[in-house]
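Residue numbers (the UniProt record's numbering): 1 to 124. Okay, so here's the structure we're looking at.
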Amino acid sequence: MERRISIREKGYYEEDYQMRMLRINSTEYLLRVMGRGIDDSSCYEYEVSGKVSMSAMFERGNMRGRDVELLMDSIREAIRETERHLLNIHCLLLQPEYIFYEEKKFYFCYFPPSKENIWRVSTG
Numbered sequence: 001m002e003r004r005i006s007i008r009e010k011g012y013y014e015e016d017y018q019m020r021m022l023r024i025n026s027t028e029y030l031l032r033v034m035g036r037g038i039d040d041s042s043c044y045e046y047e048v049s050g051k052v053s054m055s056a057m058f059e060r061g062n063m064r065g066r067d068v069e070l071l072m073d074s075i076r077e078a079i080r081e082t083e084r085h086l087l088n089i090h091c092l093l094l095q096p097e098y099i100f101y102e103e104k105k106f107y108f109c110y111f112p113p114s115k116e117n118i119w120r121v122s123t124g
């Protein structure tokens with residue numbers, strides 16, 4: 001069975017080059033995403049079957065030193081992959097609930113409406 005998560009954003013959905021780039025190119029570190037409009041909102045759905053969120057890993061106490069190294073490597077590769085496909089690196093969601101793990105690799109949600117700066121540390 002396929003498992004998905006959804007992120008909704010106020011505002012009408014308009015497909016731009018970013019979504020086209022994600023659809024026509026295969027990516028190794030970015031979760032597969034599908035965008036659509038629902039009423040006056042944009043909805044982005046990510047396929048997460050077989051993966052566990054990083055926030056769930058924290059809750060279970062399953063994060064070890066090697067996992068942190070792997071996370072840093074995966075972030076670096078996701079940024080490279082994003083740049084290679086001419087996408088905006090600031091659209092990578094780096095909150096634990098949007099980072100997923102499966103088989104020694106972390107995967108990231110690419111969210112085109114994001115206005116965050118990934119280099120700025122959030123203080124909650």
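Beta carbons are placed, not taken as given, at the ideal position from N, Cα and C, and that holds for glycine. On a predicted model such as this, the values are computed, not experimentally measured, just so you know.
Could you tell me the alpha carbon to alpha carbon distance between residue i and residue j, rounded to whole angstroms?
i, j, result
"Glu-81", "Gly-50", "22 Å"
"Glu-83", "Ile-89", "7 Å"
"Glu-103", "Glu-2", "17 Å"
"Ile-24", "His-85", "10 Å"
"Ser-114", "Arg-60", "29 Å"
"Leu-22", "Met-54", "23 Å"
"Arg-66", "Ala-56", "17 Å"
"Ser-91", "Met-63", "The sequence given here places Cys at residue 91; Ser does not occur at that position. One C-alpha to the other measures close to 25 Å."
"Glu-28", "Arg-4", "18 Å"
"Leu-30", "Met-19", "12 Å"
If you follow the beta strand (DSSP E) that residue i is part of, which residue opens it and which one closes it?
i, result
"Ser-58", "Per the sequence shown, the amino acid found at residue 58 is Phe instead of Ser. Note, Phe-58: premise wrong, no beta strand (DSSP E); alpha helix (DSSP H) at 54-60."
"Glu-47", "41-47"
"Ser-6", "4-10"
"Phe-108", "106-108"
Helix, strand or coil: which one does DSSP assign to residue i?
i, result
"Gly-35", "strand"
"Tyr-17", "helix"
"Tyr-101", "strand"
Return the first residue and the last residue of the alpha helix (DSSP H) that residue i is part of.
i, result
"Arg-66", "65-84"
Could you tell me which residues DSSP pairs with residue i in its beta bridges?
i, result
"Ile-24", "Answer is none; Ile-24 lacks a bridge partner."
### Query
Are the region 6-17 and the region 30-43 touching, with three or more C-beta to C-beta distances below 8 Å?
yes
### Message
Quick test of the definition: if touching needs 3 or more C-beta pairs under 8 Å, does the region 61-73 touch the region 99-115?
### Response
yes
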